[in-house]
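Residue numbers (the numbering used here): 11 to 189. Just so you know, even glycine gets a beta-carbon here, dropped at the ideal spot from N, CA and C. To keep things clear, I will list the structure first and then write my remarks on it.
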């Protein structure tokens, strides 16, 4: 994680509460790790300005952007979505370019869906044209990702819409797509 940013995001093992891990960022040149906050670390922005984390493992979870330089941390509106991680949603959040995040959540007891949200605020929006949910990091273009549909099939799809491409493989239990 973080090859383009010159840093890595690391989750610590010591807990300060039952559901919050310390999150550290470390330069890839071997410098010391710095504590940036607590929660579940997901991704670093390509421009090196933000670390994306979620705050809890329950229905009250929120996405937080930890500032890695000047500026303040940001807690994003979760619009009442359930962002708890699940076994079928191993990749739950990623940056989609410099100004958006994409993540997996559900409304109430509904299906897992992919949501997009501006890092500048506002509510998340469901990705209406894709019936599956995010299972990969976003491609470097900030548009494409792999989505897993309810039948288990994998599709290469784009945030902006258009035709999705069915991939010729599926994920086995405990198998993940990583950047």
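Could you check whether residue j and residue i sit closer than 8 Å to each other, using their CB atoms as the reference points?
i           : j           : result
residue 33  : residue 58  : no
residue 89  : residue 160 : no
residue 8   : residue 73  : In this structure the chain extends from 11 to 189, so residue 8 is not present and cannot be described.
residue 126 : residue 86  : no
residue 94  : residue 129 : no
Taking the alpha-carbon positions, what's the residue i to residue j distance?
i           : j           : result
residue 65  : residue 174 : 32 Å
residue 36  : residue 46  : 10 Å
residue 150 : residue 108 : 11 Å
residue 31  : residue 63  : 10 Å
residue 54  : residue 164 : 25 Å
residue 70  : residue 40  : 36 Å
residue 61  : residue 81  : 13 Å
residue 117 : residue 178 : 30 Å
residue 162 : residue 115 : 17 Å
Residue i: which of the options sits nearest, CA to CA?
i           : options            : result
residue 158 : 109, 151, 181      : 181
residue 138 : 167, 43, 130       : 167
residue 131 : 111, 63, 117, 116  : 111
residue 136 : 91, 78, 153        : 91
residue 43  : 172, 115, 178, 78  : 78
residue 49  : 40, 41, 76, 39     : 76
residue 156 : 116, 117, 103      : 103
residue 190 : 178, 162, 179, 153 : As displayed, the chain neither begins before 11 nor continues past 189, which places residue 190 out of reach and without an answer.
residue 148 : 116, 56, 179, 71   : 56
task: Assess, as a yes-or-no matter, whether the segment 141-153 is touched by the segment 111-131 under the definition of 3 or more beta carbon pairs within less than 8 Å.
output: yes
message: Runs of 3 residues minimum, wholly inside the segment 109-140: which ones carry the beta strand (DSSP E) assignment?
response: 110-115, 123-128
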